[in-house]
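To keep things clear, I will list the structure first and then write my remarks on it.
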Amino acid sequence: LWHQTWATNRGMVLLLDGKLDNGRMTFTATEQTAQGPVLWRAVWIPQGPEVRETAETSTDGGKTWKPKFDIVFRKHK
525 LWHQTWATNR
535 GMVLLLDGKL
545 DNGRMTFTAT
555 EQTAQGPVLW
565 RAVWIPQGPE
575 VRETAETSTD
585 GGKTWKPKFD
595 IVFRKHK
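Going by the numbering used here, the sequence shown opens with residue 525, and the numbers climb by one from there.
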């Protein structure tokens, strides 16, 4: 089991739990907002020397998902 903590410049803290499955690290979390709970799903995918991270959110209990971000991490030269 893996834990990840996100802290934003707007003061939001999101605690995610994840595990390795078929070569991918998948994280999930629930963010409590004034409009109700928001589900988060983030996936780390190795791509050669890089790692791609995608994240999605759901405001309907996981019935539908919307992309939040898609980033590629590269080693600094």
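C-beta atoms are modelled at their ideal positions from N, C-alpha and C, and glycine is treated no differently.
| query | result |
| --- | --- |
| Whole-angstrom C-beta distance between T581 and V562, which should lie under 8 Å | 5 Å |
| W589 - DSSP class collapsed to helix/strand/coil | coil |
| DSSP-derived helix/strand/coil call for D584 | coil |
| Alpha carbon of L540 to alpha carbon of A566, nearest angstrom | 9 Å |
| Within 7 Å, strictly: CB atoms of G542 and T550 | yes |
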